[in-house]
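*Asks:* Could you have a look at this structure, given as structure tokens, before my questions?
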Amino acid sequence: MDFGSLNKVLPVLLNGSVVTVELTVIAIICGCIIALIIAILKISSNKVLNYIGAFYTWIFRGTPLLLQLYVFYYGLPSLGIQITSIQAAILGLSLNSGAYVAEIIRSGILAIDKGQFEASRALGFTYFQTMKKIILPQAFRVIIPPMGNEFIALIKDTSLVSVITMEELLRKAQLFVSASGDAVTPYVMTGVFYLIMTTVFTFLFSRVEKKLSVY
Numbered sequence: 001m002d003f004g005s006l007n008k009v010l011p012v013l014l015n016g017s018v019v020t021v022e023l024t025v026i027a028i029i030c031g032c033i034i035a036l037i038i039a040i041l042k043i044s045s046n047k048v049l050n051y052i053g054a055f056y057t058w059i060f061r062g063t064p065l066l067l068q069l070y071v072f073y074y075g076l077p078s079l080g081i082q083i084t085s086i087q088a089a090i091l092g093l094s095l096n097s098g099a100y101v102a103e104i105i106r107s108g109i110l111a112i113d114k115g116q117f118e119a120s121r122a123l124g125f126t127y128f129q130t131m132k133k134i135i136l137p138q139a140f141r142v143i144i145p146p147m148g149n150e151f152i153a154l155i156k157d158t159s160l161v162s163v164i165t166m167e168e169l170l171r172k173a174q175l176f177v178s179a180s181g182d183a184v185t186p187y188v189m190t191g192v193f194y195l196i197m198t199t200v201f202t203f204l205f206s207r208v209e210k211k212l213s214v215y
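Mapping of the sequence shown onto full-length UniProt numbering: position 209 corresponds to residue 209, and the numbering continues sequentially without gaps.
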């Protein structure tokens with residue numbers, strides 16, 4: 001490994017790592033909002049709403065994320081909808097993660113005893129009051145472990161946005177390789193940065209899980 005190249009590439013990769021973390025956090029927040037809506041649609045007694053939720057997850061879980069990014073970045077402009085690489089990245093990652101997180105939330109909700117729904121109705125709670133005050137707080141403890149896995153997977157999936165010229169960690173490494181000709185140091189250090197990020201967030205989620213298990 002070229003230590004002279006290492007000194008030059010570290011600041012570049014550090015900047016790319018910040019972009020990767022920011023992109024991941026934005027995508028998971030947007031994805032969770034989408035997922036909560038889709039999960040509620042999928043457990044609704046209304047068949048039309050069920051079909052809408054099922055269709056969404058069918059599309060975004062059944063097609064590759066890379067293809068979805070291509071559609072948003074290259075396809076939308078051809079329809080007259082101008083979109084930047086960061087907008088396409090956030091849109092693609094959010095919609096894709098939303099489909100997976102929706103299934104996690106749905107399974108968490110279904111894990112709660114049905115008697116709690118019946119008790120809520122007996123107390124005069126509306127459906128949304130029941131979900132907000134009783135079901136979702138309990139489901140949250142159930143879904144933390146799979147949500148942690150989804151977050152870690154999303155960190156690694158952000159590398160795919162390099163194909164739409166979004167300058168996150170992997171794209172920064174690719175540009176450095178092109179400029180320096182050193183194909184070893186940047187990619188090895190990129191792997192190290194991904195390992196550090198995934199390790200840190202794995203630790204944080206495990207701490208949250210342990211804290212919630214106390215209650």
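Cβ coordinates follow ideal geometry from the N, Cα and C atoms, glycine included.
1. From F203, L136, M131, S162, pick the residue whose C-alpha is nearest to that of N149; which is it?
2. Output the distance between the C-alpha atoms of P190 and K172, rounded to the nearest integer angstrom.
3. Can you tell me where the alpha helix (DSSP H) holding G98 begins and where it ends?
4. Please confirm if the stretch 180-189 is in contact with the stretch 117-137, defined as three or more CB-CB distances below 8 Å between the two stretches.
5. Comparing alpha-carbon positions, which option in S159, V163, V142 lies nearest K210?
6. By how many angstroms is the C-alpha of L110 removed from the C-alpha of R61?
7. Let me make sure I understand the geometry here. Which of L212, I86, Y70, A88 has the alpha-carbon closest to that of Q138?
8. Taking 8 Å as the threshold, find out whether the stretch 20-29 comes into contact with the stretch 5-12 through three or more Cβ pairs.
*Replies:* Considering the structure as presented:
1. F203
2. The question names Pro, yet the displayed sequence has Thr at residue 190. Those two C-alpha atoms are separated by around 9 Å.
3. 85-110
4. In short, these stretches do not touch, since the Cβ pair count stays below three.
5. Comparing Cα positions, the closest option is V142.
6. 20 Å
7. L212
8. Output reads no: the stretch 5-12 does not touch the stretch 20-29.
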